[in-house]
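Undergrad: One structure is given below, represented as C-alpha cells, and several questions about it will come after.
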Amino acid sequence: MSLTLRPIARADVHRIHEWASQESASRYQTWGPNTFAQTEAFVDAAAAAWFAPDAPARTWCAVLPGQGVVGNGGLTSISPHCQEISYIVHTDLWGRGLATEIALLLVEFAFHQPGTERVQATCDPRNTASAAVLTRIGMSYEGTLRHTMLIRDGWRDSRMYSVLTHEWPSDPSRLHRISTEPT
Ligand SMILES: CC(C)(COP(=O)(O)OP(=O)(O)OC[C@H]1O[C@@H](n2cnc3c(N)ncnc32)[C@H](O)[C@@H]1OP(=O)(O)O)[C@@H](O)C(=O)NCCC(=O)NCCS
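Here it is, written out as C-alpha cells:
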C-alpha cells in the first residue's frame, strides 16, 4: 500500500470535515460531531503547530494516490521518552487496513526520534476496531484506566497499549513515506 503521511495544512479543512462532522467518527472522543467552525479551528491549530518547534503534538494527513486525504495521524509527546499515537480514517474507507498502515508509519517515525523508549496508544473499550489495529501492529495491552475522559454518554475508560523500542520490528524504509515539511 502506498499510503503516505504529510503535515496537515489549512486547505485540508473541507476534506477533514467530511468525517469530523459525523457521529460515528467522534463516538468515543471528547469532540464532535463538529460544526464547520470547530473543524476549522482544529485544522488551523494543527497546521500552525508544524511551525512551532516546541509544539507537543504533530498531526499528519494520510494520503492515497488517486483518493487524496483519507485520514489523519497524530503523535503527542507524553515525556522525553514516551510518545502517543492517534489516528482517524474517513468513514467511507473503514475496514481496508488504512488505520493499521497509518499506525505503523507513526510508530516507526516515533522510534526514530532520539530518546523514544516507549510508544503508547489508548482507546475506548468499546472501540473494537481501534483495539484490533493496536494489537495487529504489535502493541501489548497493559490495562484499563478508569474515567479518563468525559464524553457525550458519560465517563469513558481507556485501554492502554504500548510497544517498547526493543520490541519493535523496525523497517526504516517506512520513513520515506512520512514527510515533516509543512506547506
Ligand atoms: C478505529 C478506526 C481508525 C479504524 O480504521 P480502519 O481503517 O477501519 O482500520 P483497519 O481497517 O486498519 O483495521 C480495523 C480492524 O478492526 C476490525 N473491525 C472493523 N470494524 C469492527 C467492528 N465494528 N467490530 C470489530 N472489529 C472491527 C477490522 O476487521 C480490522 O481488524 P482485522 O484486520 O484484524 O480484521 C476507524 O474506525 C476510525 O477512524 N474511527 C473513528 C476514530 C477513532 O476511533 N480513532 C481511534 C481512536 S482510539
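The sequence shown begins at 280 in the working numbering and counts up one residue at a time.
The beta carbon of each residue, even a glycine, is placed where N, CA and C say it ideally should be.
1) State the beta-bridge partners of residue 342 as determined by DSSP.
2) Report whether the distance from the Cβ of residue 367 to the nearest heavy atom of ligand 1 is below 6 Å.
3) Does DSSP put residue 314 in a helix, in a strand, or in coil?
4) Taking the alpha carbon of residue 367 as the point to measure from, which residue in 300, 432 and 396 has its own alpha carbon closest?
5) Enumerate, from N- to C-terminal direction, the unbroken alpha helix (DSSP H) stretches of 4 or more residues contained entirely within the region 352-438.
6) Flag residue 416 as yes if its beta-carbon sits less than 7 Å from any beta-carbon of chain D, otherwise no.
7) When the distance is taken between beta carbons, is residue 284 closer than 7 Å to residue 352?
8) What would DSSP say about residue 337, mapped onto helix, strand or coil?
9) Measuring only the C-alpha atoms, how far is residue 357 from residue 388?
10) Can you give me the C-alpha to C-alpha distance between residue 344 and residue 384, rounded to a whole angstrom?
11) Using C-beta distances below 8 Å, list every residue in its chain close to residue 380, excluding the 5 sequence neighbours before and after it, in chain order.
12) Excluding the 5 residues preceding and the 5 following residue 291 in the sequence, name in chain order all residues of the same chain whose CB lies nearer than 7 Å to its CB.
13) Buried or exposed for residue 298, please, with buried defined as at least 16 other CB atoms from any protein chain shown within 10 angstroms of its CB.
14) With 16 other CB atoms within 10 Å as the buried threshold, where does residue 362 fall?
15) Quick check on the DSSP output: the alpha helix (DSSP H) that includes residue 293 runs from which residue to which?
16) When burial is assigned at 16 or more other CB atoms within 10 Å of the CB, is residue 369 buried or exposed?
17) Going by Cα to Cα distance, which pick from 316, 346, 355 and 318 is closest to residue 333?
18) Excluding sequence positions up to five away, which residues of its chain have a Cβ less than 6 Å from the Cβ of residue 399?
TA: So, to answer that:
1) Per DSSP, 283 and 348.
2) True, at least one ligand heavy atom lies under 6 Å from that Cβ.
3) Assignment of residue 314 by DSSP, reduced to helix, strand and coil, places it in the coil class.
4) When 300, 432 and 396 are compared, the shortest CA-CA separation from residue 367 is found for 300.
5) Qualifying alpha helix (DSSP H) stretches, in chain order: 377-390 and 407-415.
6) Among the protein chains of the structure shown there is no chain D, as only one such chain exists.
7) For residue 352 and residue 284, yes; Cβs fall inside 7 Å.
8) DSSP, reduced to helix, strand and coil, places residue 337 within a strand of the structure shown.
9) Distance from the CA atom of residue 357 to the CA atom of residue 388, rounded to whole angstroms, is 15 Å.
10) Distance between the alpha carbons of residue 344 and residue 384 is about 17 Å.
11) Hits under 8 Å: 280, 282 and 341.
12) Here the set comprises 322, 340 and 348.
13) So residue 298 counts as buried.
14) By the 10 Å Cβ count, residue 362 comes out buried.
15) DSSP places residue 293 in the uninterrupted alpha helix (DSSP H) bounded by 292-299.
16) By the neighbour-count rule (16 or more Cβ atoms within 10 Å), residue 369 is buried.
17) For residue 333, the closest C-alpha among the options 316, 346, 355 and 318 is that of 355.
18) Non-local beta-carbon contacts of residue 399 in its own chain, meaning distances under 6 Å to residues more than five positions away in sequence, involve 363 and 441 in chain order.
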